[in-house]
């Protein structure tokens with residue numbers, strides 16, 4: 002349970018840092034830290050039930066800050082959660098390059114699903130043009146940030162875990 006909470010908290014902190022940096026410097030690249038958290042929970046031995054509950058809470062919390070109708074961001078993120086867990090259960094790999102590729106693919110799926118839902122709600126194809134213009138930048142950013150988030154999670158896990166001492170000393 003501790004690893005699940007660390008995974009979600011680090012993803013949320015990274016999203017907050019990204020939003021502050023993007024607003025300060027006008028960057029137009031979005032790294033999908035929620036997708037990275039999903040991939041890392043699917044690739045490692047995190048419990049499915051606690052991961053899904055924590056990702057739902059994370060998605061609803063992010064949905065508060067997202068523009069648009071309430072629940073769309075959370076719905077799309079949970080669909081990606083289900084798809085990624087189903088696919089990664091079948092094609093299990095914990096190699097770093099494989100995780101980066103999964104992050105990139107699931108980032109594209111998440112943004113495509115988000116564009117499709119927004120286009121369906123607002124009856125406007127403009128969201129697909131935004132997707133075509135931005136998906137490749139966001140995909141590369143998400144893939145490149147996967148090792149950094151993974152390293153942060155390992156570091157946080159070391160910090161928050163107790164050191165075992167032997168009773169013979």
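Residue numbers (our numbering): 2 to 170.
Here a beta-carbon is modelled for each residue, glycine too, at the ideal position from N, C-alpha and C.
Counting along the chain, where does the alpha helix (DSSP H) carrying residue 177 start and finish? Past the boundaries of the shown model lies residue 177; the chain is included only from 2 to 170, so the question cannot be answered.
Is it true that the CB of residue 100 sits closer than 8 Å to the CB of residue 44? For residue 44 and residue 100, yes; Cβs fall inside 8 Å.
Return the chain-ordered list of same chain residues with a C-beta closer than 8 Å to the C-beta of residue 114, the five sequence neighbours on each side being excluded. 77, 80 and 81
Give me the Cα-Cα distance between residue 126 and residue 73, rounded to the nearest whole angstrom. 17 Å
If we count the other Cβ atoms within 10 Å of its Cβ and call it buried at 16 or more, is residue 155 buried or exposed? Label assigned to residue 155: exposed.
Per-residue burial, residue 124 [other beta carbons within 10 Å of its own, 16 or more giving buried]: exposed
Nearest to residue 145 (by Cα), restricted to the options 160, 103 and 133: 103
Residue ranges of each alpha helix (DSSP H) within the stretch 71-106, 4 or longer: 73-91
Count the CB pairs spanning the stretch 2-18 and the stretch 28-35 that are closer than 8 Å, and state whether there are at least three. Touching, per the Cβ criterion.
Can you tell me which of 26, 83, 20 and 65 puts its alpha carbon nearest to the alpha carbon of residue 110? 83
Residues in the same chain with beta-carbon distance under 7 Å from residue 69, minus the five sequence neighbours each way, listed in chain order, please. 119
For residue 12, I'd like the list of residues in its chain whose CB is within less than 8 Å of its CB, leaving aside the five on either flank, ordered along the chain. 34, 35, 37, 38, 59 and 150
Under the assumption that residue 42 contacts residue 98 (Cβ atoms under 8 Å), give the Cβ distance between them as a whole number of angstroms. Cβ-Cβ separation between residue 42 and residue 98: approximately 19 Å, too far for a contact (criterion under 8 Å).
Chain-order list of residues whose beta-carbon lies under 8 Å from that of residue 67 (same chain, five-residue window excluded): Exclusion of the five residues before and after residue 67 leaves 73 and 74 as the residues of its chain whose Cβ lies within less than 8 Å of its Cβ.
Inter-residue CB distance, residue 157 and residue 7 (contact presumed, cutoff 8 Å): Indeed, because the Cβ distance is near 5 Å, the residues count as touching under 8 Å.
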